[in-house]
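Q: Using the UniProt record's numbering, the first residue of the sequence shown is number 1, and each one after it goes up by one. For each residue, glycine too, the CB sits at the ideal point set by N, CA and C. Mind looking over this structure? Questions follow.
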Amino acid sequence: MTTTQTPTTTNIVIPPPVSPLRRISMDLLSRYALVILWIIMLLVLLALVPGDVSPINAMRTVFSQITPVVFLALGVVITMAVGEFDLSFAGIFSIAAVAVPSLAVLHGWPVLLAVVGAIVIALVFGAINAALVVGLGINSVVVTLGTWSVAGGLAFLLSGETTVSGLDPALAAISTGRFLGLPHLFWYGVILVVIVAYIMGATPIGRHMTFVGSNRAVASLAGISVGRVRIGAYLASSLLAGLAGVVISIGNGGFNPASASAYLLPTFAAVFLGTVAVVPGRFNPLGMLIAAYFLITGVFGLQLLGLTGWVTEVFYGAALIIAVTVSHLLQRRVKS
Numbered sequence: 001m002t003t004t005q006t007p008t009t010t011n012i013v014i015p016p017p018v019s020p021l022r023r024i025s026m027d028l029l030s031r032y033a034l035v036i037l038w039i040i041m042l043l044v045l046l047a048l049v050p051g052d053v054s055p056i057n058a059m060r061t062v063f064s065q066i067t068p069v070v071f072l073a074l075g076v077v078i079t080m081a082v083g084e085f086d087l088s089f090a091g092i093f094s095i096a097a098v099a100v101p102s103l104a105v106l107h108g109w110p111v112l113l114a115v116v117g118a119i120v121i122a123l124v125f126g127a128i129n130a131a132l133v134v135g136l137g138i139n140s141v142v143v144t145l146g147t148w149s150v151a152g153g154l155a156f157l158l159s160g161e162t163t164v165s166g167l168d169p170a171l172a173a174i175s176t177g178r179f180l181g182l183p184h185l186f187w188y189g190v191i192l193v194v195i196v197a198y199i200m201g202a203t204p205i206g207r208h209m210t211f212v213g214s215n216r217a218v219a220s221l222a223g224i225s226v227g228r229v230r231i232g233a234y235l236a237s238s239l240l241a242g243l244a245g246v247v248i249s250i251g252n253g254g255f256n257p258a259s260a261s262a263y264l265l266p267t268f269a270a271v272f273l274g275t276v277a278v279v280p281g282r283f284n285p286l287g288m289l290i291a292a293y294f295l296i297t298g299v300f301g302l303q304l305l306g307l308t309g310w311v312t313e314v315f316y317g318a319a320l321i322i323a324v325t326v327s328h329l330l331q332r333r334v335k336s
C-alpha cells in the first residue's frame, strides 16, 4: 500500500514595499546624520557662549581653526581610499613647516625658493614611502611610521630644536588675511576638498582609486596600473602635508616642530568619522571636512565649559575609537 504525502506549505512573509519617499529619506538620513548632529552641536555651542562674546565671532572662531587638519586629513583620505596607510604626514608636515623659516631666515634663501625647497623635501619623503611600500612591498605602517620619525627628527635638527621665526610679517596675509570674515586658510582648505572630491567622484582617476582600494587583483585584471595609483596617492599625501606646513609657517611667521604631533589624533579622527557622512562606508573628502569641523565644534564647546588639557585628548581619542568602529561596520556592510 502506498501512502501519499500532501505537500506542506510554508508561510512566506513578504515585507511591505518601502515607499520611494521613505527610501529617499532613509538614504539622506544615513548620509547626513553627522551634519544634523553638527548643527545641533552648533546650536548648543551658541547657547553656551557667554553674553560678552558675539555668537558670530564664536562661529568664526570655529571655522578659523583646524585648517591644518583639513590639509593633512585630505592626504590621508587619498591614501586610505587606495588601501594604503600613511602615518608619515605629521613628520612631513613638520619638516616642511620648519624648512621655510629655516632656509629663508637662517640661510638667507629667498622666501619663494624656500617654499619650493619645503615642497621638494615633502615630495622626497613621499617618494621614499612609495618606493619602499609599492616598489619593495614592505608593510606601509612600518615604513610610514619610520618616515614620520625620520622627518620629525630632521625637523628638529633643521630648527636647532627650537622655534624658528623671523619671516616677514607681511607674508602672513597669505594665510591669515580674511575673505568674508574667514581666514584665507579656511578657503584654501575648502577649495582643495572640492577639487579632490571632484577628482575622486567624477573622473577616471577617482574610479581607478576606488577599484584599487576595493580589490587590487581585480583592478589589475581590469587594466588599471595599480602601482601608479598607489605611488600617486603617496605623492599626493606628502604634497598636501608639505602645503600645510608651508601655509602654517608663513601664517605664523615660523614654526615649532614639537607642535606637529598634536595633529595626529584630530587628523585620523576626522578621516574615519568622515566615512559616516556623504558617502557612508567610504573615505571621502566632503565627509572628512564635515567631520573635522564637527570635532572642532565639540572641542570649542568643551573649552567654553572650562574643560581643557586632558579632556581634549580624551575627546579626540574617544572620537577616533568610535569613528574607526563605525567605519569598520559600514565598510563591512558595503562589501557584503
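1. Could you spell out the range, first to last residue, of the alpha helix (DSSP H) harbouring His184?
2. Just reading off the alpha helix (DSSP H) that Ile128 is part of, what are its end residues?
3. Per DSSP, which residues does residue 338 bridge with? Please list them.
4. Could you name the residues of the same chain whose beta carbon sits closer than 7 Å to that of Phe125, not counting the 5 residues immediately before and after it, in chain order?
5. Do you know whose CA, among Thr325, Gly298, Leu304, lies nearest Val314's CA?
6. Which same chain residues end up closer than 6 Å to Gly274 when comparing Cβ atoms and leaving out the 5 residues on each side of it in sequence?
7. Please check the pair Tyr234 and Asp86, which I expect to be a contact at CB under 8 Å, by giving their CB distance rounded to whole angstroms.
8. Just to confirm, is the Cβ distance from Val164 to Leu106 under 8 Å?
9. In whole angstroms, what separates the C-alpha of Pro280 from that of Ala197?
10. Just tell me which of Leu182, Glu161, Ile78 has its CA closest to the CA of Ile56.
11. Reducing DSSP to helix, strand and coil, say where Val164 ends up.
12. Hey, out of Arg60, Leu74, Val142, Gly166, whose CA is closest to Gly251's CA?
13. Tell me the DSSP secondary structure of Phe283 in three-state form.
14. Taking the alpha carbon of Ala114 as the reference point, which residue from Gly135, Leu302, Val247 has its own alpha carbon closest?
15. Are Tyr188 and Leu265 closer than 8 Å when you measure CB to CB?
16. With distance defined between alpha-carbon atoms, name the residue in Arg178, Phe186, Ala122, Val100 nearest to Leu112.
17. Using alpha carbons as the reference points, say which of Leu180, Pro169, Ser259, Ile224 lies closest to Ala90.
18. Taking its Cβ as the centre, do 16 or more other Cβ atoms sit within 10 Å of Pro110, making it buried, or is it exposed?
19. For Leu240, count the other beta carbons within 10 Å of its own beta carbon; 16 or more makes it buried, fewer makes it exposed. Which is it?
20. Rounding to the nearest angstrom, what Cα-Cα distance links Leu320 and Ala270 in this structure?
21. Bridge partners of Phe255, per DSSP?
22. Could you compute how far the alpha carbon of Ala217 sits from the alpha carbon of Leu74?
23. Would you kindly work out how many angstroms separate the C-alpha atoms of Arg228 and Asp168, rounded to a whole number?
24. Note the first and the last residue of the continuous alpha helix (DSSP H) segment covering Val100.
A: Quick look at the numbers:
1. 184-202
2. 111-130
3. The shown model of the chain, from 1 to 336, leaves out residue 338, and the question about it has no answer.
4. Ser88, Ile92, Thr147, Ala151, Ser238
5. Minimum Cα distance to Val314 is reached at Gly298.
6. Gly287, Met288, Ala291
7. Contact holds; Cβ gap of about 7 Å.
8. yes
9. Rounded to whole angstroms, the gap between the alpha carbons of Pro280 and Ala197 is 14 Å.
10. Of the candidates Leu182, Glu161, Ile78, the residue whose Cα lies closest to the Cα of Ile56 is Leu182.
11. strand
12. Gly166
13. coil
14. Nearest option by C-alpha distance: Val247.
15. At the C-beta level, Tyr188 and Leu265 stay beyond 8 Å of one another.
16. Val100
17. When only C-alpha atoms are compared, the closest one is Ser259.
18. exposed
19. buried
20. 8 Å
21. Paired residues: Val164.
22. 26 Å
23. When only Cα atoms are considered, Arg228 and Asp168 end up about 40 Å apart.
24. 89-101
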